[in-house]
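Colleague:
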Amino acid sequence: MSFAPNLFSIVAIGAGLIFFLAGTCGLLRFPDTLSRLHALTKADNLGLGLVVIGLLPLADNVLAALKLVVVWVLVQLSGATVGQLIAQSTRRNGRTE
Amino acid sequence: MIVQTLDIGLAALVLTLAGYTVLARATFPAVVSYVAYGLLLSLIWVRLFSVDVALTEAAIGGGLTGVLLIGAAGKRRGTAVAATELDPTQPLRWAIMALCALAALALATVVVSLPDPAPTLAPQAMENIATTGLGNPVTAVLIAYRAFDTMLEKCVLVIAVVGVWSLACDRCWGGAPDVPRAVARGGTLTFFAQVLPPLGILIGIRIFWIGADEPGGAFQGGAILAAMWVIIMMAGLTDVPAISKRWLRIALAAGPIVFLGVGILGFAAAGGFLAYPHGFAKPVIIFVEIFMTLSIAATLPMLVGGAPIRAPRP
Amino acid sequence: MTDFLLSAAVFILFTVAIGLFRILYGPHDADRAMAAQLFGSGGIATLLLVANATRVPGVEDVAMGLALLAAFASVAFVNSIATGESEGAGEK
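Residue numbers (the numbering used here), protein chains in the order written: chain H, 1387 to 1483; chain X, 36 to 349; chain E, 262 to 353.
What follows is the structure, encoded as structure tokens:
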């Protein structure tokens, strides 16, 4: 009976790992700052989100699961803000130091 | 096997980041590396089952220290003094490196050569914890068994703030410090600073409250509250308070003063300095912790802000 | 299951370590700030996986603390860049 949640977790976390890898590769290989930013925000949101979704069935109780969701919401918020701020700063300064 | 890989990977990453922090030529790469180092260090604390320390490392090393260093670097950039005059000379750098390496080597030798099982007071601490009314042995050590040390630490924090303030120029005394704040009132940062603090304050209070029985406590909760105040100041939604403000000084001093007062009252109530009355220990501890949290939430942003840089407004 | 979670944690740590290159070589400071952000989310993911696998109590609070403060260094960086541009504008 505990096979189905485990399978779901494995699939979700596996997908999250793929997004983390993709985001990091993008961060390394894309040619300029703004496209790297794009790759990074995908890893942030989707990678962590899928890992959290995968961990939800394994949580001990409802409160622990809720805390996982709060962590995800916070990372979404900060990731989105940092993405916007870095993009604005890059555009304003014409990509110079 | 997998756990060993995880631990070795973590250790290798942390050492690489530490090396880069020291060797980086420019300031910002070193600061970024240091923040990442702090993040991974809190992971290591979790692997060592020290969750209270991990919380503190996350709050202080991951957030506040980064802002402090970036702010300091920015202020240094704006000064008229040539950078080369104040940088340490080559022989001094070698001496610093040698001393640090020696200290690290000594610590590593001691830790590795501890007998197995290592000598510990943990069983005695757990035996007597019921008398304090607490469930978290770390908090019990901090506020009950070694309350004297904690009280002195809080006094040291106030002294540190005074020391930082004393770096102000004469005409700036009484004015306001500065944190890296937005020049243009952008929508993004304002939105962030309006949405995050309510959540953060809730989480900070919860972590302070839960410290009695689970990992957490006054310092961790206070550090998170401090961070919320810092982000509001960074977004420009509120002014950095002038150091002459009375409420600020009261907030800074409240923690140590209350702690000291409780300690002196201990003579009358329970027969010794910082002794807690029997059966009444937990309420007293919570009372002291509330003021400690308040003081820490006021002190850390002041340390991040640094010395006042403009003359006080009349 | 525990083995899988720990392997996932090692994998994320490995990808985050690759992101280290951006901190070391990233031509602009913005790239380094991004790499630090990746460290933050990757670190939180690793933390959650390790916590579930090794059954350490109270680690969700550490993850919440990290998540709260993930953005701080980047915000400070962006602000100090902005003031650096307008330095010489005198006292604010």
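For each residue, glycine too, the CB sits at the ideal point set by N, CA and C.
If you measure from the beta carbon of Phe-1406/H to each beta carbon in chain E, is any gap under 7 Å?
Modeller: yes
Colleague: Are the Cβ atoms of Ala-94/X and Ile-259/X separated by less than 7 Å?
Modeller: yes
Colleague: Does the segment 132-142 of chain X touch the segment 98-112 of chain X, meaning 3 or more C-beta pairs lie closer than 8 Å?
Modeller: no
Colleague: Pick out whichever of Ala-165/X, Arg-348/X, Leu-283/X, Val-230/X has its Cα sitting closest to the Cα of Ile-267/X.
Modeller: Considering only alpha carbons, the answer is Val-230/X.
Colleague: Quick one: Cα of Leu-90/X to Cα of Gln-255/X, how far?
Modeller: Near 6 Å, if we compare the C-alpha coordinates of Gln-255/X and Leu-90/X.
Colleague: Does Gly-256/X get closer than 7 Å to chain E when you measure Cβ to Cβ?
Modeller: Chain E, which has no Cβ nearer than 7 Å to the Cβ of Gly-256/X, makes this no.
Colleague: Grab me the residues of Phe-302/X's own chain with a C-beta within less than 6 Å of its C-beta, minus the 5 sequence neighbours each way, in chain order.
Modeller: none
Colleague: Is it right to say Lys-280/X is buried, meaning 16 or more other beta carbons lie within 10 angstroms of its own, or is it exposed?
Modeller: exposed
Colleague: For a test of the three-state rule: what should DSSP assign to Ser-302/E, helix, strand or coil?
Modeller: Looking at Ser-302/E - three-state DSSP - the assignment turns out to be helix.
Colleague: Would Gly-222/X pass as an interface residue toward chain E - the criterion being a Cβ-Cβ separation below 7 Å?
Modeller: No, Gly-222/X lies away from the interface with chain E (no Cβ there is under 7 Å from its Cβ).
Colleague: Let me make sure I understand the geometry here. Which of Val-311/E, Ala-332/E, Ala-328/E, Gly-287/E has the alpha-carbon closest to that of Asp-264/E?
Modeller: Val-311/E
Colleague: Would you kindly report the start and end of the unbroken alpha helix (DSSP H) that includes Ser-1464/H?
Modeller: 1448-1478
Colleague: Within 10 angstroms of the Cβ of Phe-84/X, are there 16 or more other Cβ atoms? Answer buried if so, exposed if not.
Modeller: exposed
Colleague: Less than 7 Å between C-beta atoms, sequence neighbours within five positions excluded: which residues of the same chain meet that for Glu-348/E?
Modeller: Because the pLDDT at Glu-348/E is just 35, under 50, the model does not fix this residue reliably, and the value given afterwards should be weighed accordingly. Excluding sequence neighbours, Glu-348/E sits near nothing in its chain.
Colleague: What does Leu-1352/H touch in chain E if you count any residue whose Cβ is under 9 Å from its own?
Modeller: The first residue shown for chain H is 1387 and the last is 1483, placing residue 1352/H beyond what the model contains.
Colleague: Residues of chain H with CB under 7 Å from Leu-285/E, in chain order?
Modeller: Ordered by position in chain H, no residue passes the 7 Å Cβ test against Leu-285/E, which lies about 11 Å from the chain.
Colleague: At least one CB of chain E closer than 7 Å to the CB of Ser-1464/H: is that the case?
Modeller: At least one C-beta of chain E is nearer than 7 Å to the C-beta of Ser-1464/H.
Colleague: Should Met-262/E be labelled buried (16 or more other beta-carbon atoms within 10 Å of its own) or exposed?
Modeller: Exposed, since its Cβ has fewer than 16 Cβ neighbours within 10 Å.
Colleague: Please list, in chain order, the chain A residues whose beta carbon lies closer than 9 Å to that of Met-269/X.
Modeller: This model lacks chain A altogether, as its protein chains are H, X and E.
Colleague: Between Val-146/X, Val-275/X, Arg-82/X, Arg-284/X, which has its C-alpha nearest Ile-194/X's C-alpha?
Modeller: Arg-284/X
Colleague: Run through DSSP, which three-state label would Val-214/X get?
Modeller: coil
Colleague: Just to confirm before moving on: does the CB-CB distance between Pro-215/X and Gly-307/X stay below 7 Å?
Modeller: Not closer than 7 Å, so no.
Colleague: Classify Pro-318/E as buried or exposed, calling it buried when 16 or more other Cβ atoms lie within 10 Å of its own Cβ.
Modeller: The Cβ neighbour count for Pro-318/E, taken over all protein chains shown within 10 Å, is under 16; the residue is labelled exposed.
Colleague: Would you report the Cα separation of Val-1461/H and Ile-342/E, rounded to the nearest angstrom?
Modeller: The alpha-carbon atoms of Val-1461/H and Ile-342/E are separated by roughly 23 Å.
Colleague: Are the Cβ atoms of Thr-185/X and Leu-177/X separated by less than 7 Å?
Modeller: yes
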